[in-house]
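Worksheet: the structure to be examined is printed underneath.
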Amino acid sequence: MNKPINRKKNDIKVVNKRVKAKPPSTPSLNLVCDIDTLRTLIKKNKVRVVDVRKRDEYLKGHIKTAVSLPLAELLSNDDPESIIKILNNLGISDDTLVVIYDDTFGALASRVAWSFKFVGHRNVALLEVTYDNWKKLGLEIERKSNKYSKVSHSVDIDYSIFADAEYIENAQNDKNKIIIDSRERLNFLTEHIPNSKNIPYTMLRSENSILRNPSELKRFMENRGIDLNNEIITYCGSVGTLSGLAFFALKTAGISNVKLYPKSFKEWKSLGKPKTEFKDATYWDLSAE
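For the sequence shown, the positions run 210 to 498 when the numbering used here is used.
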């Protein structure tokens, strides 16, 4: 994240002002929201739909009632206070159901959804399809720019889903923790964090959805030696988009203890941390574990 997160109690203004979120008065969403559920929620005016594509793409057409939040806007300053300000400006209060979508197989939406969860918004889901799929199905779209009344969202930072470089270092030789690199196989083979496993993001999705169904994801993880009882930490190349998708895939598979390293391999390398390289990778190495 752009501003370093220090866990010391008195060092972060936003943490000192932490307010415990009230239990939601509305039903909770699954991590992946299906099309029919979203259409029903839109008709009942019981959801905030968030479009994280570029602003000009949003203006050309978007899902009805959706607000625009380009990923670049969130990443330009993604410290907790700034994310809370975004929630407030989008009219998202503690109990608001939020469904997020993109046009990039769910990766951009995942990074935004994780950020919302990190600062305390629990009731957030990814739409099961991209905007392009939604449009091809002939579902409701509009072109007007939507804005909602500003609200006040409480702060309840969830460090249980966050990892930084120091945490990764300590986890490398812990048999109860697994570090997952979600980049494509060739990138992983070129260089990666030592002792990490490779599960390419391309292997997580299905033909009709941004993610496979829960039972398939569970079986997929188990077949690759991922113990569902272990703590899993995901990372990717730079800002946590591909690993954000992996984060939600792992949670969907039933793994309760999952963390995201949002600054990912880009920061790891900039800090001069050790890395593993396969200089003589063969053709067979290109297949995932």
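Backbone N, C-alpha and C fix where the C-beta goes; we use that ideal spot for every residue, glycine too.
Here the structure is a predicted model, which is why all the values come from computation and not from measurement.
Is residue i near the ligand HEM, with its Cβ less than 7 Å from a heavy atom?
i    : result
D245 : Among the components modelled here there is no ligand, and therefore nothing to report on the ligand HEM.
Quick one: using the 10 Å Cβ neighbour count with 16 as the cut-off for buried, is residue i buried or exposed?
i    : result
T443 : buried
A455 : buried
D245 : exposed
T332 : In the sequence as displayed, the identity of residue 332 is Asn instead of Thr. It is buried - the Cβ of N332 has at least 16 other Cβ atoms within 10 Å.
E337 : buried
D390 : buried
D265 : exposed
D311 : buried
L346 : exposed
S405 : buried
L247 : buried
Taking a contact to mean a Cβ-Cβ separation below 8 Å, would you say residue i touches residue j in this structure?
i    : j    : result
E400 : T485 : yes
C445 : R392 : yes
I370 : L469 : yes
A275 : V258 : yes
L335 : I419 : yes
What are the partner residues of residue i, as DSSP defines its beta bridges?
i    : result
S277 : D260
I389 : K406, T443
V333 : V307
I350 : I272
H401 : T485
Relative to the C-alpha of residue i, which candidate in the options has its C-alpha closest?
i    : options                : result
V241 : F314, L268, E282, N297 : F314
S361 : D303, N254, R428, I464 : D303
K499 : A380, I295, L348       : The requested residue 499 is not part of the displayed model; the chain covers only 210 to 498.
K475 : N239, S447, L306       : S447
M430 : A462, L480, E416       : A462
What is the DSSP secondary structure of residue i, counted as helix, strand or coil?
i    : result
Y340 : helix
V193 : Since the displayed the chain opens at 210 and closes at 498, residue 193 lies outside it and no answer follows.
K468 : strand
F371 : strand
V282 : Checking the sequence, you will find Glu at residue 282 rather than Val. Helix.
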